[in-house]
Amino acid sequence: MSKTFSKLSTLVLGTTLAATVASAGTGELEKIMKKRGLTENDVIRAAKTYLPTGGRDEFVVFSSGGQSGQVMVYGVPSMKILKYIAVFTPEPWQGYGFDEGSKKILRQGNIRGREINWGDTHHPAISEVNGEYDGKWLAINDKANPRIAIIDLADFETRQIVVNPVFKSAHGGAFFTQNSEYIIEACQYAAPFDNNYHPIEEYKETYRGGVTMWKFDAKKGRIIEKDSYTIEMPPYMQDLSDAGKGVSHGWAFTNSFNTEMYTGGIEVGMPPNEAGMSRFDTDFLHVYNWEKLSKLAQNKANYTMINGHKVISMKTAVANDAFFLIPEPKSPHGVDVSPDGEYITVCGKLDTHASVYKWSKIKALIKAKDYVGKDPYGIPILDMKKSLHGQVELGLGPLHNQYSNVKGEIYTSLYVDSQIVKWNYLDLKVLDKENVHYNVGHLCGMEGKSADPQGKYIISLNKLAIDRFQSVGPLHPQNHQLIDISGKTMDLLYDMPVPLGEPHQAVAIRASKLHPHVRYPMGTDVTTGKQHKGKTLAGQERIERDGNKVTVYATMVRSHINPERITVNKGDIVTMHLTNLERAQDETHGFTVDHYNVHASLEPGETATIKFEADIEGVFPYYCTEFCSALHLEMMGYLMVKDPNKKYVSAQKLKMKTMTKTELMAEYKKTVAVNDATEAVIMSVVKFLKENKFGDHKVVAELVTDAFDQFGQIPAQKKLSDAALKAGDIEKAILFENMIWQLMVKTADVGIRAKDALVRLISTKQTTSAQRGEKAFGEGGCGGCHVIGKVSSGPDLTGVLQRHENAEKWVSNFILDPEKMYNDPYVKGMINYFNLKMPNQHMSKDETKDIIEYLKWIDENANLF
Ligand code: K7E
Ligand code: CUA
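Numbering-wise, my numbering puts 793 at position 812 of the sequence shown, and it's gapless, one number per residue.
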């Protein structure tokens, strides 16, 4: 722990802030604060969000990437970005859209035969059990092209894209029902359900809105298209939805705008859409019983098929008492059901109020058939006042809501006011407001829309970031602002610029609920989760030809691609199945063939396929695109494309001096000797690991397995080397010995990491002073000359406290002022031996004390070094 940080934590933990800051007055912290112009509050906010190296966040956020068509993943409270998940758009660095498997997924999103390579992601949703997030699947919609994608949270990869067969846009998705039975997707802009032309003058007759209920198989994580259906709705523009939960389970709610059914026409002298679509004081909240409608959808008599998809008409829904309307304040943007399912909050963005509806009141009205009338399509309308629990004046442009762990507590974004308002939906009181920068859209609470909201933080997803960041041109980054909501009043902690499309909505989940894979079972087709047909193990690599079709079964492992030479004819169709043989964590290899626009990212155990027509002649290097090892640049090969109709003249061979047999033999012996020495080092590590029962510690055992993956390949190479030597090909034998050395280096690399990890686990616990000492030792550069457990360019410090009389004092003096002791006979001897003088590293007295503690810890554990 650094000095600064320990002070900082005292400061944060301190009882009264002023007193603690004053006590830190003379220290490092105050110096930094002064230099950087930081206030006390800045420092506290930094401490609340700072994640030390190696630390983990409490929550993980999945944010839509808006017009980038992706999903962004980051941690809370650190706001560190962890991943971009490729969804509706090609993502070259992950090979998404550049290898065959991911292309297939991307192409599931073709609409009417057209390739679509962009998307406008809006609303991510996490699968639920009893209304609580289970951390298994993430769904997200594409507003521009009505589609829903499913992402597997076991590997954060897109698994499925489904196209809505009847909608022409889809803003209001994705929302899971409380046990992930269905995913709700509402259309936005009403349009004909069929794919034909219908004049806009027939808007009311032929244009339709609706909600699609996508049947979800929560075990497999796939939408079942044939069991899904759409509820026909009037051409009001259905916006966002929410599924009922708890007491309102089985029902769903969708808000709308343009119940005026205005269709604009500036070019024919009409006022623009914005005027006509917001004329009425109220629009309609759609209330429907999806549980009942799902049963109806199982009987042919209740639906019609449009574009191969079931549609339940409004008439059928109404006849079965499954569809109602309630007036809501005009042009709202979202509807949010409380954690218990009893209260439903709608904010009209052109109204200053939030309206809280009460489910038990709505239910009673429905039961009593107490309607105030019917809309032009015959849908019963419930009385607004009788359905309301109450209304609260919040401010200008209220949009979206999130819940916290405190009963009745709700947070609402105010778009026009650029504020977050905290209020209580039970007693209808405003509690606090916080300014944000600027024009907030959605809010993201921690599991804030689930049945089990966690409180702690709210993230404000702002539309504008005018003066927040370094300018990068007229287009500014987006701004996610983290707000602490654990206190009585809100506190804005952190601004995160998002260099991506407009991230509309985000969902947060406790990190402890996510359990992603470390590696795939060998030969996995990541797009299906099953074994890939091109799975290739070491020794099975081959090139097969069938007419003009060439299939390559290749493997990749540090640091070679097998095969390394592929020769094909111009015009051949080349398919390459690539298997990453690694089991080691994070040992990804990438693969590309220059000029052919293909790329695959192969995670440990993955098999992927690239395919291309070798339509241009020439020599094309292919290589691993991930810096995977010290010999990563050497992880390459050549694709040679020759024209079968051309005659090639072979080049004159260059005459070069070759080594004599004696020289070759000398090199061979030298190489073998180096290998033997390296093996001895490996064996000493192995002995240490065994003696200290590495198998008792999972982390260490896994590293040892990785190491032996490499080590296990040595005998085969040795055989080849011996055979070459026997056949008199010393040069080849040397090359195989070099390969052995490569394998040994990789073994040793992981082996030593395993040893270090084991030492940490079995050594005695360091005191905080010893911890600081180790850090000072490292940062002060002591490690440059002293390696613990080994004599290197300076003496081994194990046992140094036993080597001198009054040793602690002796060592401290030597650290603090070495020059003074250069004439001490012992020191003189050392200087002569190492031909080096201990330099003055300007350690402070405290640091020196800590280093002594660290040295004591070393002595306690001397047997481990
Ligand atoms: Cu505009 Cu949910 Cu698409 Cu709100 S969304 S701001
Ligand atoms: Cu594999 Cu670089």
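Where a beta carbon is used, it is the ideal one built from N, C-alpha and C, also for glycine.
If you compare alpha carbons, which of the options is closest to residue i?
{"i": "Leu701", "options": "Ala233, Leu716 and Gln691", "result": "Leu716"}
{"i": "Asp677", "options": "Lys699, Ile743 and Met725", "result": "Ile743"}
{"i": "Glu786", "options": "Tyr807, Glu800 and Pro799", "result": "Tyr807"}
{"i": "Gly231", "options": "Thr158, Arg260 and Gly202", "result": "Thr158"}
{"i": "His267", "options": "Leu369, Leu221 and Gly36", "result": "Leu221"}
{"i": "His314", "options": "Thr333, Val249 and Ala300", "result": "Thr333"}
{"i": "Gln698", "options": "Lys642, Met720, Ala682 and Glu683", "result": "Met720"}
{"i": "Ile597", "options": "Ile164, Glu584 and Asn550", "result": "Asn550"}
{"i": "Phe261", "options": "Phe238, Ala688 and Glu248", "result": "Phe238"}
{"i": "Leu375", "options": "Cys328, Thr34, Ala278 and Thr829", "result": "Cys328"}
{"i": "Lys494", "options": "Ile204, Lys149 and Asp115", "result": "Asp115"}
{"i": "Glu522", "options": "Asn561, Thr829 and Val299", "result": "Asn561"}
{"i": "Lys200", "options": "Leu442, Ile131 and Lys627", "result": "Ile131"}
{"i": "Gly76", "options": "Asp703, Val574, Lys801 and Asp831", "result": "Val574"}
{"i": "Gly227", "options": "Lys410, Leu778 and Trp340", "result": "Trp340"}
{"i": "Lys430", "options": "Pro455, Gly322 and Leu645", "result": "Gly322"}
{"i": "Leu845", "options": "Lys671, Thr748 and Tyr803", "result": "Lys671"}
{"i": "Leu119", "options": "Glu9, Ala300, Gly250 and Arg203", "result": "Arg203"}
Looking at residue i: is its Cβ nearer than 8 Å to the Cβ of residue j?
{"i": "Asp101", "j": "Gly56", "result": "no"}
{"i": "Ser161", "j": "Ser108", "result": "yes"}
{"i": "Thr548", "j": "Lys623", "result": "yes"}
{"i": "Tyr475", "j": "Tyr406", "result": "no"}
{"i": "Asn122", "j": "Ala151", "result": "yes"}
{"i": "Tyr932", "j": "Val144", "result": "Any question about residue 932 goes unanswered here, given that the chain covers just -18 to 846."}
{"i": "Asp223", "j": "Val316", "result": "yes"}
{"i": "Ile362", "j": "Tyr352", "result": "yes"}
{"i": "Leu377", "j": "Asp364", "result": "no"}
{"i": "Val653", "j": "Glu718", "result": "yes"}
{"i": "Gly780", "j": "Ala843", "result": "yes"}
{"i": "Gly436", "j": "Ile391", "result": "no"}
{"i": "Lys185", "j": "Met258", "result": "no"}
{"i": "Gly153", "j": "Gln169", "result": "yes"}
{"i": "Ala278", "j": "Tyr284", "result": "yes"}
{"i": "Thr582", "j": "Trp74", "result": "For clarity, residue 582 is Ser in the given sequence; the question names Thr instead. Yes, the pair counts as a contact, with Cβ atoms nearer than the cut-off."}
{"i": "Asn386", "j": "Thr393", "result": "no"}
{"i": "Glu615", "j": "Ser540", "result": "yes"}
{"i": "Glu213", "j": "Met286", "result": "no"}
{"i": "His103", "j": "His457", "result": "no"}
Near residue i, what residues of its chain come up, given a Cβ to Cβ distance below 7 Å and the 5 sequence neighbours on each side ignored?
{"i": "Glu415", "result": "Gln400, Ile401, Ile464, Met471 and Leu473"}
{"i": "Phe669", "result": "Lys736"}
{"i": "Ala135", "result": "Pro497 and His498"}
{"i": "Gly764", "result": "Phe758"}
{"i": "Ser774", "result": "Cys766, Phe815 and Leu817"}
{"i": "Ile205", "result": "Lys196 and Asp198"}
{"i": "Gly354", "result": "Ile362"}
Just to confirm my understanding: we take residue i, look at its own chain, exclude 5 residues before and 5 after, and list those with CB closer than 6 Å. What are they?
{"i": "Val666", "result": "Gly732 and Lys736"}
{"i": "Ile181", "result": "Thr244"}
{"i": "Lys818", "result": "Ile812"}
{"i": "Thr235", "result": "Ala167, Val192, Gln219, Ser222 and His267"}
Using a Cβ-Cβ cut-off of 8 Å (strictly less than) and excluding sequence neighbours within five positions of residue i, which residues of its own chain qualify?
{"i": "Pro776", "result": "His767, Met811 and Phe815"}
{"i": "Gln783", "result": "Asp840"}
{"i": "Lys367", "result": "Lys342, Leu346 and Asp351"}
{"i": "Leu32", "result": "Asp38, Gly56, Pro58, Ser59 and Lys61"}
{"i": "Asp408", "result": "Gly389"}
{"i": "Gln89", "result": "Gln141, Ile142, Val143 and Val144"}
{"i": "Leu724", "result": "Gln691, Phe692, Gln694, Ile695 and Gln698"}
{"i": "Met824", "result": "Ala757, Gly761, Ile796, Leu797 and Ile832"}
{"i": "Glu96", "result": "Arg88"}
Could you tell me whether any non-hydrogen atom of ligand 4 is closer than 7 Å to the CB of residue i?
{"i": "Gln75", "result": "Among the ligands present in this structure, namely ligand 1 and ligand 2, ligand 4 is not found."}
* Asked: If you measure from each residue's Cβ to the nearest non-hydrogen atom of ligand 2, which ones come out under 5 Å, in chain order?
  -> His570, Cys605, Glu607, Cys609, His613 and Met616
* Inter-stretch contact (C-beta, 8 Å, three-pair minimum) for the segment 586 to 598 and the segment 75 to 86 -> In short, these stretches touch, since the Cβ pair count reaches three.
* Asked: Is it a yes or a no for the segment 522 to 532 touching the segment 503 to 511, going by three-plus beta-carbon pairs under 8 Å?
  -> no
* Asked: Looking at C-beta atoms only, is the number of pairs between the segment 567 to 585 and the segment 601 to 619 that lie closer than 8 Å three or more?
  -> yes
* To do: Could you tell me whether the segment 619 to 637 touches the segment 596 to 604, using the rule of 3 or more Cβ pairs below 8 Å?
  => yes
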